[in-house]
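Report on the following structure.
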Amino acid sequence: DAGITQSPRHKVTETGTPVTLRCHQTENHRYMYWYRQDPGHGLRLIHYSYGVKDTDKGEVSDGYSVSRSKTEDFLLTLESATSSQTSVYFCAISELDTQYFGPGTRLTVL
Amino acid sequence: QKEVEQNSGPLSVPEGAIASLNCTYSDRGSQSFFWYRQYSGKSPELIMFIYSNGDKEDGRFTAQLNKASQYVSLLIRDSQPSDSATYLCAVSVNQGAQKLVFGQGTRLTINP
């Protein structure tokens, strides 16, 4: 599992509330990624990080922000959750030009 | 918009037969190609990657890449019921960070 954990694993929240998802890795990988997975869309890149405090946008970044203050942690924040952000969120790391995924967080926004 | 296309299936194959999964991509600058397997409710797990034109074999799995046709495929020989899953094709242009673009996945069912 490349030493990746995600928390929480499941969350139900209400529209308009802030939500933060955490990705933690234990193997000092430089690159970390956040994806969302929705039926019919596969996985889509939200944001990625190439080092502490170095982040950039992916394909579907609107409504999301990220932070990386330590190598091991990459946080994804929904400032004001909307129902369209109901999804399964996967964190990933790169190792030798391949990506490995965490277990995922299932987020439901009511 | 970079796109990766897969037939969403479901693809049904009898046990012991060869399963053939196909993927096309739009960005000619794509350099790396990946196949992931995803069981229901689980995270994607890497099966194979391929960078060069031709075939790459790993056990029962063979990845095939044709950059001129912008086509990548995955063959599964001697299909087993445990191969029943969704198979995701992903491509990337390696420029520092590896920003994968995924297809929507093909659902494969192996019938005993």
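Going down the list, the sequences are from chains A and B. Heads up: the first sequence begins at 1183 in the numbering used here, then just goes up one per residue. Heads up: the second sequence begins at 58 in the numbering used here, then just goes up one per residue. The beta-carbon is built from N, C-alpha and C at its ideal position, and this holds for glycine as well.
DSSP beta-bridge partners of residue i
{"i": "ARG164(B)", "result": "THR143(B)"}
{"i": "LEU68(B)", "result": "LEU165(B)"}
{"i": "ILE1275(A)", "result": "MET1214(A), TYR1282(A)"}
{"i": "ARG1288(A)", "result": "HIS1192(A), VAL1270(A)"}
{"i": "THR1253(A)", "result": "Answer is none; THR1253(A) lacks a bridge partner."}
Residue i Cβ short of 8 Å to the ligand PLP heavy atom set
{"i": "SER100(B)", "result": "This structure lacks the ligand PLP, and indeed carries no ligand of any kind."}
Residue i versus residue j: straight-line alpha-carbon distance, rounded
{"i": "ARG1250(A)", "j": "GLU1261(A)", "result": "16 Å"}
{"i": "GLN1188(A)", "j": "TYR128(B)", "result": "34 Å"}
{"i": "THR1287(A)", "j": "LEU165(B)", "result": "24 Å"}
{"i": "PRO101(B)", "j": "PHE159(B)", "result": "11 Å"}
{"i": "GLU114(B)", "j": "HIS1223(A)", "result": "28 Å"}
{"i": "THR1190(A)", "j": "LYS1235(A)", "result": "For clarity, residue 1190(A) is Pro in the given sequence; the question names Thr instead. Whole-angstrom Cα-Cα distance: 23 Å."}
{"i": "THR119(B)", "j": "TYR96(B)", "result": "20 Å"}
{"i": "TYR1323(A)", "j": "GLN1207(A)", "result": "In the structure as shown, chain A begins at 1183 and stops at 1292. Residue 1323(A) is therefore absent and cannot be evaluated."}
{"i": "LEU1257(A)", "j": "TYR1246(A)", "result": "10 Å"}
{"i": "PRO1285(A)", "j": "GLY86(B)", "result": "30 Å"}
Residues near residue i by beta carbon distance below 6 Å, same chain, minus five either side
{"i": "ASP140(B)", "result": "ILE133, ILE167"}
{"i": "GLN121(B)", "result": "ASP112, SER130"}
{"i": "ASP84(B)", "result": "LYS59"}
{"i": "SER1220(A)", "result": "Residue identity check: residue 1220(A) is Asp in the sequence provided, not Ser. These residues qualify, in order along the chain: SER1269."}
Beta-carbon contacts of residue i that lie in its chain and below 8 Å, excluding the five residues immediately before and after
{"i": "THR1195(A)", "result": "VAL1201, ALA1263, LEU1289, THR1290, VAL1291, LEU1292"}
{"i": "GLU72(B)", "result": "SER136, GLN137, PRO138, ILE167, ASN168, PRO169"}
Close-in-space but distant-in-sequence residues of the same chain around residue i (CB under 7 Å, 5 per side omitted)
{"i": "GLN161(B)", "result": "GLN63, SER65"}
* To do: Let me know the beta strand (DSSP E) ranges lying completely inside the stretch 87-155 of chain B, each 3 residues or longer, listed in chain order.
  => You should have 89-95, 102-107, 111-115, 118-123, 128-133, 142-149.
* **Inside the stretch 1187-1230 of chain A only - alpha helix (DSSP H) runs reaching at least 4 residues** => You should have found no qualifying run.
* Taking any Cβ of chain B, which residues in the stretch 1258-1284 of chain A have a Cβ under 7 Å from it, in chain order? -> Those residues of the stretch 1258-1284 of chain A that come within reach of chain B (Cβ to Cβ, closer than 7 Å) are PHE1272, SER1276, ASP1279, THR1280, GLN1281, TYR1282, PHE1283, GLY1284.
* To do: Closer than 9 Å, Cβ to Cβ, to anything on chain B: give me those residues from the stretch 1222-1253 of chain A, in chain order.
  => Cβ contacts with chain B: GLY1222, HIS1223, GLY1224, LEU1225, ARG1226, LEU1227, TYR1230, SER1231, TYR1232, ASP1238, GLY1240, GLU1241.
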